[in-house]
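Undergrad: Below is a structure I'd like to ask you about.
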Amino acid sequence: MLQPIRSSVFSQTIPYCFCFERRGLSCTRTETCLSFTMPMNNPVIACKASLNTDHTSHGKHDLSVHGLSEMVVGVLGGGQLGRMLCQAASQMAIKVMVLDPSENCPASALAYHHMVGSFDDSSTVEEFAKRCGVLTVEIEHVDAETLERLEKQGVDCQPKASTIRIIQDKYLQKVHFSQNDIPLPKFMQINDLEGAKKAANLFGYPLMIKSKRLAYDGRGNAVARSEEELSSAISALGGFSHGLYVEKWAPFVKELAVIVARGRDNSIVCYPVVETIHRENICHIVKAPADVPWKIRTLATDVAYKAVSSLQGAGVFAVELFLTGDGQVLLNEVAPRPHNSGHHTIESCYTSQFEQHLRAVVGLPLGDPSMKTPSAIMYNLLGEEEGEPGFILAHQLIARALGISGATAHWYDKPEMRKQRKMGHITIVGPSMGVVEARLKSMLNEEGSDKLSSVMPRVGIIMGSDSDLPVMKDAAKILDMFGVPHEVRIVSAHRTPEMMFSYASSARERGVQVIIAGAGGAAHLPGMVAALTPLPVIGVPVRATVLDGIDSLLSIVQMPRGVPVATVAINNATNAGLLAVRMLGIGDADLLAR
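Quick note, my numbering runs 70 ahead of the 1-based positions in the sequence shown.
Right, dumping it as structure tokens:
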């Protein structure tokens, strides 16, 4: 294994840091390993390429190895985000260098080149920039002044240093977005305890107190629920010398997020809105797409689009939002990089957020952000215990995940286990949120998970009376033939309207993907259900005793615009079952083949 060069003898070649050559550019660069004698006569092994700055400085004039790009993408930070950027880059024939102070950072094993050094140190960042064609970040807490100076020298920074400066200071971020008419909770700066009390009088309790800088993953936030708690909350954040501000408490009912990508040509694409669920102020679960009305999704996307449009530079941005009880969508904060809320995109979208970020910063066309699977859940793998016991628990969970249909585990390869530390994540995809949630419960060994996962219906067969069963059983026979799990319910639009409302409005969340509704006479059931759910509804006109089912047929096919019901022939529940199978087959290759 190649070891880092540690002697000042090589300071002109490799200043301020240790360099690791992860891959040679040609066979002449790696064909020989040389042994050098250090001042203390300790032998060190290094690549021959390390002896020459022409070899290790991969910059704008570096020959293209893969033919896609002559540029090397330099990433400030080598954590899990940098690691996943490296994984995406390897599939795109793009080279990624990382700068990180840890020799064993998550990205180190996968990066084209890893420079060990601080991304807060100006001289180190300047030297690192010489070796890159474009400079980007996986963490916003870098030296913005250095980036601004590098931009003046012609270094290509994406996103721009001005954006990093705005976003790394949460208070400046609020000021910026407020000036751009983006909805957000009320806020104000505080410089002393009296200022905090005035803010509390203005905004009320509970009061959210935040650090201006270095606030992420729950760090830098404190809640004061009364005046007596103000001092302790401020002390918990290190006092006023670190810079504090307050926000009016946002009475949110859900936390949402939108990943937004911006190209070098200022083109912008938005990923589907997701819901983020936090525990102890750390992201725990992400649900994609968010189970909110279409109007809310549109509003959230508009806020995210407008926020990113107000910034400068290319890349992926994460826009975190609050959904309030009265339907408002308020901006919480923005990250100028790939984000935890977008990890699901690796498996669930046509273009992952990591591929998208690389596309954006090097100037490639932005990819398709839409989902290629109906539903996905991302589960953060957080440290449950310190040290070895924590590793054992995490590996046990990964082992269970490998037995779950649609689950993919990602391990960040961090050498130290700590409580609540992000060690990896697991993404589960499936045909509906209900199915995906059942798979998650099974993975977590939650009570009742086996029952949920085994009987989760994909098709609901409903009818207004048990007298319709002789007709509707033919649909069930077809579904049984194709191995499609289903449920049969008696739900009347007239006699049990509350039950009908409950069934239709909850069907999607329970995993149902298609509803077959049989009705005779006035035959209101299919249309009423179609008005209450976004799921496709297939109507089966049932022959009654008076008009031989003609009345049922005409009723079902005459649904108003905006309430579609696919209608089969009178009493033809067989075709309804086959149509449901074909609908499911669109997203189920095995079922389609059958």
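Here a beta-carbon is modelled for each residue, glycine too, at the ideal position from N, C-alpha and C.
Just so we're clear, the structure is a prediction, and the values are computed from it rather than from any experiment.
Compare the Cα-Cα distances from leucine 434 to each of Ala331, Leu169, Ala636, Gly457 and report the closest residue.
TA: Along the sequence shown, one-based indexing puts residue 434 at 364. For the residues Ala331, Leu169, Ala636, Gly457, the minimum Cα distance to leucine 434 belongs to Ala331.
Undergrad: With 16 other CB atoms within 10 Å as the buried threshold, where does threonine 216 fall?
TA: In the sequence shown, the residue the question calls residue 216 occupies position 146. Label assigned to threonine 216: buried.
Undergrad: In whole angstroms, give me the CA-to-CA distance for leucine 436 and glutamine 426.
TA: Along the sequence shown, read from residue 1 onward, the residue named residue 436 stands at position 366. Along the sequence shown, read from residue 1 onward, the residue named residue 426 stands at position 356. Cα to Cα, leucine 436 sits roughly 6 Å from glutamine 426.
Undergrad: Consult DSSP for isoleucine 626 and reduce its assignment to one of helix, strand or coil.
TA: As a first step, residue 626 is located in the sequence shown; it is residue number 556 there, counting from the start. Helix.
Undergrad: Just checking tyrosine 573 against the ligand FAD - is the residue's beta carbon closer than 8 Å to any of the ligand's heavy atoms?
TA: Among the components of this structure there are no ligands whatsoever, and the ligand FAD is therefore not found.
Undergrad: Measure from the alpha carbon of asparagine 642 to the alpha carbon of each residue in Lys365, Pro634, His312, Ala546, then state which is nearest.
TA: Mapped onto the sequence shown, residue 642 falls at position 572. Closest option to asparagine 642, Cα to Cα, is Ala546.
Undergrad: Do the CB positions of alanine 163 and valine 143 come within less than 9 Å of each other?
TA: Residue numbering aside, residue 163 sits at position 93 when the sequence shown is read from its first letter. Residue numbering aside, residue 143 sits at position 73 when the sequence shown is read from its first letter. Not a contact, by the Cβ cut-off of 9 Å.
Undergrad: Please state the DSSP three-state secondary structure of isoleucine 252.
TA: Sequence index remark: in the sequence shown, residue 252 carries index 182 (1-based). In this structure, isoleucine 252 counts as coil in the three-state DSSP scheme.
Undergrad: Answer yes or no: do tyrosine 241 and tyrosine 315 have a C-beta to C-beta separation smaller than 9 Å?
TA: Here residue 241 corresponds to residue number 171 of the sequence shown, with the count starting at 1. Here residue 315 corresponds to residue number 245 of the sequence shown, with the count starting at 1. Against a cut-off of 9 Å, the Cβ pair of tyrosine 315 and tyrosine 241 comes out as a contact.
Undergrad: What do you get for glycine 412, buried or exposed, if any count of 16 or more other CB atoms within 10 angstroms of its CB means buried?
TA: Residue numbering aside, residue 412 sits at position 342 when the sequence shown is read from its first letter. Buried: at least 16 other Cβ atoms inside 10 Å.
Undergrad: Where does valine 212 fall in DSSP's three states?
TA: Taking the sequence shown and counting its residues from 1, the one referred to as residue 212 is at position 142. Valine 212 falls in the coil class under three-state DSSP.
Undergrad: Could you tell me which of Gly500, Asp536, Arg491, Arg470 sits nearest to asparagine 515, measuring between CA atoms?
TA: Here residue 515 is taken as the residue at index 445 of the sequence shown, counted from 1. Nearest C-alpha to asparagine 515: Arg470.
Undergrad: Within 10 Å of its beta-carbon, does glycine 500 have 16 or more other beta-carbons around it, so buried, or fewer, so exposed?
TA: For the purposes of this step, residue 500 is taken as the residue at position 430 of the sequence shown. Per the 10 Å Cβ criterion, buried.
Undergrad: Compute the distance between the beta-carbons of glycine 590 and alanine 614, then report whether it is under 9 Å.
TA: Locating residue 590 in the sequence shown gives position 520, where the first residue counts as 1. Locating residue 614 in the sequence shown gives position 544, where the first residue counts as 1. Taking 9 Å as the Cβ cut-off, glycine 590 and alanine 614 qualify as a contacting pair.
Undergrad: Considering only the alpha carbon of each residue, which of Cys227, Ser301, Ala646 lies closest to aspartate 262?
TA: Here residue 262 refers to the residue found at position 192 when the sequence shown is read from its first residue. The candidate whose alpha carbon is nearest that of aspartate 262 is Ser301.
Undergrad: Which residue wins for smallest C-alpha separation from isoleucine 352, given the options Gly453, Cys419, Gly588, Met154?
TA: Along the sequence shown, one-based indexing puts residue 352 at 282. Considering only alpha carbons, the answer is Gly453.
Undergrad: Using the C-alpha atoms, what's the distance from serine 232 back to glutamate 218?
TA: As a first step, residue 218 is located in the sequence shown; it is residue number 148 there, counting from the start. As a first step, residue 232 is located in the sequence shown; it is residue number 162 there, counting from the start. Approximately 7 Å, taken between the alpha carbons.
Undergrad: Please list, in chain order, all residues of the same chain as cysteine 227 whose beta carbon is under 6 Å from its beta carbon, the five residues on each side excluded.
TA: For the purposes of this step, residue 227 is taken as residue 157 along the sequence shown, with counting starting at 1. Closer than 6 Å at Cβ, skipping near neighbours: Leu205, Leu217, Glu221.
Undergrad: Please go through the same chain and pick out, in chain order, the residues whose beta-carbon is closer than 7 Å to the beta-carbon of alanine 592, but skip the five residues on each side of it.
TA: Here residue 592 is taken as the residue at index 522 of the sequence shown, counted from 1. Ser625.
Undergrad: Using only the alpha-carbon positions, how far apart do valine 323 and aspartate 550 sit?
TA: Within the sequence shown, numbered from 1, the residue matching residue 323 stands at position 253. Within the sequence shown, numbered from 1, the residue matching residue 550 stands at position 480. Going by the C-alpha atoms only, they are around 40 Å apart.
Undergrad: Got a sec? Which residues, its chain only, sit under 6 Å from isoleucine 468 by beta carbon, not counting five neighbours each side?
TA: Position 398 of the sequence shown, counted from the first residue, corresponds to residue 468. Here the set comprises Ala479.
Undergrad: With a floor of 3 residues, list each beta strand (DSSP E) that falls wholly inside the stretch 352 to 408, ordered by position along the chain.
TA: For the stretch 352 to 408, whole beta strand (DSSP E) runs of length 3 or above, ordered along the chain, are 352 to 358, 385 to 394, 399 to 405.
Undergrad: DSSP on methionine 258, reduced to helix/strand/coil?
TA: Looking up residue 258 in the sequence shown gives position 188. Residue state, collapsed to three classes: strand.
Undergrad: Within its chain, find whatever has a CB closer than 7 Å to the CB of phenylalanine 80; leave out the 5 residues flanking it on each side and keep chain order.
TA: Counting from one through the sequence shown, the residue named residue 80 turns up at place 10. Residue placement at phenylalanine 80 cannot be trusted, given a pLDDT of 30 that sits under 50; what the coordinates show is reported in the next sentence. Excluding sequence neighbours, phenylalanine 80 sits near nothing in its chain.
Undergrad: Is aspartate 538 buried or exposed, if buried means 16 or more other CB atoms sit within 10 Å of its CB?
TA: Within the sequence shown, residue 538 is the residue found at index 468, counting from 1. Answer is buried; the Cβ neighbour count reaches 16.
Undergrad: Who are the near neighbours of valine 633 in its chain, counting only those whose CB is closer than 7 Å to its CB and skipping five residues on each side?
TA: Taking the first residue of the sequence shown as 1, we reach residue 633 at position 563. Here the set comprises Gly597, Ala600, Ala601.
Undergrad: Please report the distance separating the alpha-carbon of arginine 429 from that of alanine 266.
TA: By one-based count along the sequence shown, residue 429 stands at place 359. By one-based count along the sequence shown, residue 266 stands at place 196. Each residue's Cα considered, the two are about 44 Å apart.
Undergrad: For glycine 290, does the three-state DSSP call read helix, strand or coil?
TA: Residue numbering aside, residue 290 sits at position 220 when the sequence shown is read from its first letter. The answer is coil: DSSP assigns glycine 290 none of H, G, I, E or B.
Undergrad: Spatial neighbours of aspartate 190 within its chain, please: CB distance less than 6 Å, with the 5 preceding and 5 following residues excluded, ordered by chain position.
TA: Locating residue 190 in the sequence shown gives position 120, where the first residue counts as 1. For aspartate 190, where only same-chain residues beyond five positions count, the Cβ hits under 6 Å are Asp213.
Undergrad: Grouping DSSP H, G and I as helix and E and B as strand, with all else coil, what is methionine 185?
TA: Working through the sequence shown from its first residue, we reach residue 185 at position 115. DSSP places methionine 185 in strand when its eight states are reduced to three.
Undergrad: Whole-angstrom Cβ separation of glycine 609 and valine 584, contact assumed at under 8 Å?
TA: For this step, residue 609 is matched to residue 539 along the sequence shown. For this step, residue 584 is matched to residue 514 along the sequence shown. The pair is not a contact, with the Cβ atoms about 12 Å apart (cut-off 8 Å).
Undergrad: Distance, Cα to Cα, methionine 569 vs serine 440?
TA: In the sequence shown, counting from the first residue as 1, residue 569 sits at position 499. In the sequence shown, counting from the first residue as 1, residue 440 sits at position 370. In a straight line, the C-alpha of methionine 569 is about 35 Å away from that of serine 440.
Undergrad: Please give the ranges of any beta strand (DSSP E) in the stretch 402 to 472, keeping only runs that are unbroken, at least 3 residues long and fully inside the region.
TA: Segments of the beta strand (DSSP E) lying fully in the stretch 402 to 472: 445 to 452.
Undergrad: Where does tyrosine 449 land, buried or exposed, given buried means 16+ other C-beta within 10 angstroms?
TA: As a first step, residue 449 is located in the sequence shown; it is residue number 379 there, counting from the start. The residue is buried, with at least 16 neighbouring Cβ atoms inside 10 Å.
Undergrad: For the candidate residues Met493, Asp621, Ile209, whose alpha-carbon lies nearest to that of histidine 354?
TA: As a working note, residue 354 is residue 284 in the sequence shown. The option with the nearest alpha carbon to histidine 354 is Met493.
Undergrad: Alpha carbon to alpha carbon, what distance is there between leucine 623 and isoleucine 347?
TA: As a working mapping, residue 347 is identified with position 277 in the sequence shown. As a working mapping, residue 623 is identified with position 553 in the sequence shown. Using only the alpha carbons, I get a separation of about 45 Å.
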